[in-house]
Amino acid sequence: MYLVWGPELVFLFNDAYAPILGPRLPQAMGAPLRSLWADAWPAVREPIERAFAGQGSRFENVPVAMNRYGQPEDTWWTFSFSALHGDDEQVAGAFCVTKEVTGMIVAQQKLARENERLIALFEKSPMFMAFLTGPEHRIALVNPGYEQLIGHRQVLGRPLVEALPEAVDQGYVDLLDEVYRTGEPYIGRKVAYDSGVPQPGFGPRHIVDVVFQPCKDEAGQVNGIFVQGLDLTPQVALEQHLSLTEARHRQIMDSARDYAMIATDMDGLITLWNRGAEETLGWHESEVLGQHAGLLYLQDDLQANRFQQNMQHARLHGGLSGERWLRRRDGGRFWAQGSMTLLRGGEGEAVGFVVVFRDRTSERTAADALAQSERRLAALVSAATQSLYSISADWQQMSLIYRQGDAAELRDAQGSWREQLIHPGDRLAVDAAIDEALQATSALEVEHRTLLPDASVRWVQLRAVPLLDDHGRVKEWFGAASDITDRRIAQQRLQQLTLTLEERVQSRTAELMAMEERLRQGQKMESLGQLTGGIAHDFNNMLTAVSMGLELLEMRVEQGRVDGLERYLEMARSGADRAAALTQRLLAFSRRQTLAPSSVRVAALVSGMLDILNRSIGPSINIETRFEDFEDAVRVDAPQLENALLNLCINARDAMPGGGTIIISSSTEALAGTRSERLGLPAGDYVRLSVRDTGTGMDASVLEKVFEPFFTTKPIGQGTGLGLSMIYGFTRQSGGQVDVESAPGAGTTMHLYLPKSDPAQAVDVALPTAMPLKPASASRSVLLVEDEDAVRGLVRDVLSGLGHAVTEAANGSEALALLDSGQHFDLLVTDVGLTGTLNGRQVADAGRQRRRDLPVLFITGYAASAAVGGEHLEPGMEILTKPFKAVELERRVDQLLSRSATEWNVAAQDLPAA
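Numbered by this note's numbering, the letters in the sequence shown go through residues 360 to 1273 in order.
Below, the structure is given as structure tokens:
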């Protein structure tokens, strides 16, 4: 206790109070209270003033902020104040009896938190729990797991016999009575409980593990029973399903008798051997289980550790395939074709290998015999002095068997063999000779001119005889062509001397142009083949990631193994994201990606990228910039130009593994005449943006293919071959052109010619900043128009998940009827390329006629204005390009619904078609 005396509030205390003072003890006695307890003064000021006014007071568990030991601390006190009178009977001081209760308050708070934690554990436990009181087992507490087990019936406060009558017939009440009587717990393993209430996906019958644990009072008497357990019904069903599945898989494996299927552990010891392996190799499963799979290899392969090498390769790369000789149980050998695949466990760990192969000995023998026959025929033909051909029965197809000397070679290009082998001036005569031979089924002999690949003309004598079938019908023709140019030269010399130089030049020019056209057609077909092959390869990889990820996810969920599912979701999501990225690159190459062109200052854009460029290419390469005019501007999609510039700089970096210099420059060039024709651009003013490196350069063969899709000079896995194709597509779509200068050892310069725009309209490129959105209301009315059912269903689920009311239409006509129905819509979400007579833009225009400020979100696969005439977007309209993520759709919808019509400020863009 302590007292304060007089106007100065002199502080006096007893020995019991001394520990409270801490470091203040030496100077406390007689000190003014206000300065001694400045930190606690706000808490005691009012009761002290009341005591000096003659009024006593008492307070319990009062929080007081103190600083007794050099740092702030929270304390709690119970105290009372009373007045002290002096000799004149006037109040001269105040007397305080106090007790610190900080420990008690802290303990109470800790106990409350522990109770909250226990309640949370009880409520959220995956096990079912209940507490029964008294000998009638009255239900006092149940958690959600218990409620689900009994079918969500109202049971609290009711005796078990009344609340769950089925428990009586199933013997559980007798068990509870026994536990209550003896005080001994009951433990049940995989016991059945029929609630009589079917559950989603299961019937009313459950298989459970359960414990009845008696609870005792302070006197040791049982006053209740704690029930807890785990519903094993899904697990038991899954075990039964897995057992059935395993038997079915074994049946399927054994039915594939043409294929030997063998599984081993990581040491190569055989763990599985199907019926096909038994029939192919001769060993029964009981003879080889536990044996090393190297017993299948020939002695030479065993000495070379071939099987161990194959296991190591499969462990590092996931698998391998090939062909080799293997041995049978009887010592014979056979030619096997198959694969070895690394087998992984449920946690992704390597657990063994799966080997699948089949006997291809007969095919190998036939292939060897055919190769030997072809070698003999080739030797026979090579001894001939003529070029040999096989010709179809109707003379529509011809194949070169053997080419002699400078004879014409059939090329894989457009056009028939007649166009390749017969001079145009001789085709009628040759056709007439062929018709005569066909009618008479007799040998053919005709002389004609032919054009060689170097555009030279040679004279050929063609002889052909028919090969007849058993019925005397022509199966095919065999022909021999002899070069008789020397014999015809003397006959034609006089005619050739009469030709003028101009006629010969024109003829040669026409021949060269025809050759160039055929060459271009051939290159087109080669590029298309490379493109489709590359797309198929990359998409197969990505679809495999998506399909396998989802399949493994489904299997894990069916097995009840929910740990590690994020990896399979990430696998599928990563595959989908990479497929979306490849689609965007292909759209760029095809010049059908969504672009938002604006006037951009080239120097400002490049300067703003220097930091990221320097980080991307590393310290061993220096970047220099040279701008002819800092005000030069072009009309392009700024982010796409930044992406193109970054790709060019990364390519330049890869061409300089030892370091070097990249020079980024810009200048204005007025294109006209042959210069614009060579670049394939209309005459006008262009800004030439160039990226030059001091790297290895490219030879002519690489330059010819540099823009072809999937063509790359980088090692496997380090380049897709779409970078320059994407840059070319973007530049052409922007109305420009790409030109390349390069030579081995002299570096490479990439020139981007882009249409020049008015610098006054240019805006500097800056990082996008988020525009604050007004909170959207909890539920808004949305009209969703999409002709693809799957896409419409997914978009509907996202919008419904945001709390919006979604009305669906499968085409433009349905949407127009809904707009005319008078129903109010806060947002229109529509695909652009709809089936039927109305496209998405026409639906949006109809909606705007009925409500001028109706927000519109277009969704599209690529940007092409042909379907809607190339209209521009109006304020309050936005485009979302497929494929998109749900979070991006949510962001766009919230953005459109959160802004008023006066806040719309959308730059005009070309509207896509689908």
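Beta carbons: idealized from backbone N, C-alpha and C, even for Gly.
Below 7 Å between beta carbons: does that hold for R994 and S1024? no
Which residues share a DSSP beta bridge with I1022? E983 and R1051
Pop quiz: H782 and T809 are said to be a contact at Cβ under 8 Å. What is the actual Cβ separation, rounded to whole angstroms? 6 Å
Assess, as a yes-or-no matter, whether the stretch 1178-1186 is touched by the stretch 1137-1149 under the definition of 3 or more beta carbon pairs within less than 8 Å. yes
Let me make sure I understand the geometry here. Which of F989, A412 and F481 has the alpha-carbon closest to that of E448? A412
D659 to F837 span [Cα, whole Å]: 47 Å
Contact defined as beta carbons within less than 8 Å: I believe W436 pairs with E459. What is the distance between those atoms, to the nearest angstrom? 6 Å
What span of residues does the alpha helix (DSSP H) with V519 cover, start to end? The sequence shown places Leu at residue 519, rather than the Val named in the question. L519 to A522 is the extent of the alpha helix (DSSP H) around L519.
Compute the Euclidean distance between the alpha carbons of I498 and H1163, then round it to the nearest angstrom. 41 Å
Between the CA atoms of E473 and Y361 - distance to the nearest angstrom: 37 Å
Does the beta-carbon of K834 have 16 or more other beta-carbons within 10 angstroms, so that it is buried, or is it exposed? exposed
With a cut-off of 8 Å on the beta carbons, I'd call A619 and R717 a contact; round off their distance for me. 7 Å
Taking 7 Å as the cut-off, decide whether the C-beta atoms of R915 and L928 are in contact. no
Inspect the CB distances between the stretch 747-759 and the stretch 717-729 and report whether three or more fall short of 8 Å. no
Looking at the structure shown, is L1256 part of a helix, part of a strand, or coil, going by DSSP? helix
Where E1285 falls: helix, strand or coil (DSSP): Because the chain is modelled from 360 through 1273, residue 1285 falls outside the range shown and cannot be assessed.
Minimum length 4: unbroken alpha helix (DSSP H) runs contained in the stretch 502-577: 503-508, 519-522, 525-528 and 531-541
Using 7 Å as the threshold, is the C-beta distance between S1116 and A992 below it? yes
Where the alpha helix (DSSP H) containing F411 begins and where it ends: W400 to F411
Within 10 angstroms of its Cβ, does A377 collect 16 or more other Cβ (buried), or is it exposed? exposed
Indicate the three-state DSSP secondary structure (helix, strand or coil) for G1160 in the structure shown. helix
Which residue wins for smallest C-alpha separation from H676, given the options W364, Q650 and R703? R703
Residue from S1093, D1058 and V1157 whose Cα sits closest to the Cα of A1102: D1058
Assign P825 to buried or exposed, taking buried as 16 or more other Cβ atoms, counted over all protein chains shown, within 10 Å of its Cβ. buried
Give me the Cα-Cα distance between P366 and N373, rounded to the nearest whole angstrom. 21 Å
Residues bridged to Y656 (per DSSP): L685
Strictly by DSSP, which residues pair up with Y1087? DSSP lists no partner for Y1087.
I'd like the span of the beta strand (DSSP E) that includes V1188, first residue to last. L1186 to D1190
Contact set for F487: own chain, Cβ-Cβ below 6 Å, skip 5 residues either direction: G504, Y505, L508 and G588
Alpha carbon of E598 to alpha carbon of D936, nearest angstrom: 35 Å
Closer than 7 Å by C-beta to M1130: which residues in its own chain qualify, once you throw out the five before and the five after it? Chain order, please. Low local confidence applies: a pLDDT of 41 at M1130 is under 50, so the model's placement there is unreliable, with the coordinate-based value given in what follows. Excluding residues within five positions, none has a Cβ falling inside 7 Å.
Is V460 helix, strand or coil when you go by DSSP? coil
Other residues of its chain near I407: CB distance less than 6 Å, five sequence neighbours each side excluded: A453
If W754 and L797 are in contact, beta carbons under 8 Å, what's the gap, nearest whole angstrom? 7 Å
Shortest alpha-carbon distance to F1275 belongs to which of H444, P422 and R686? Nothing in the structure corresponds to residue 1275, since the chain is present only between 360 and 1273.
Tell me which residue opens and which closes the alpha helix (DSSP H) that E1173 is part of. G1171 to D1179
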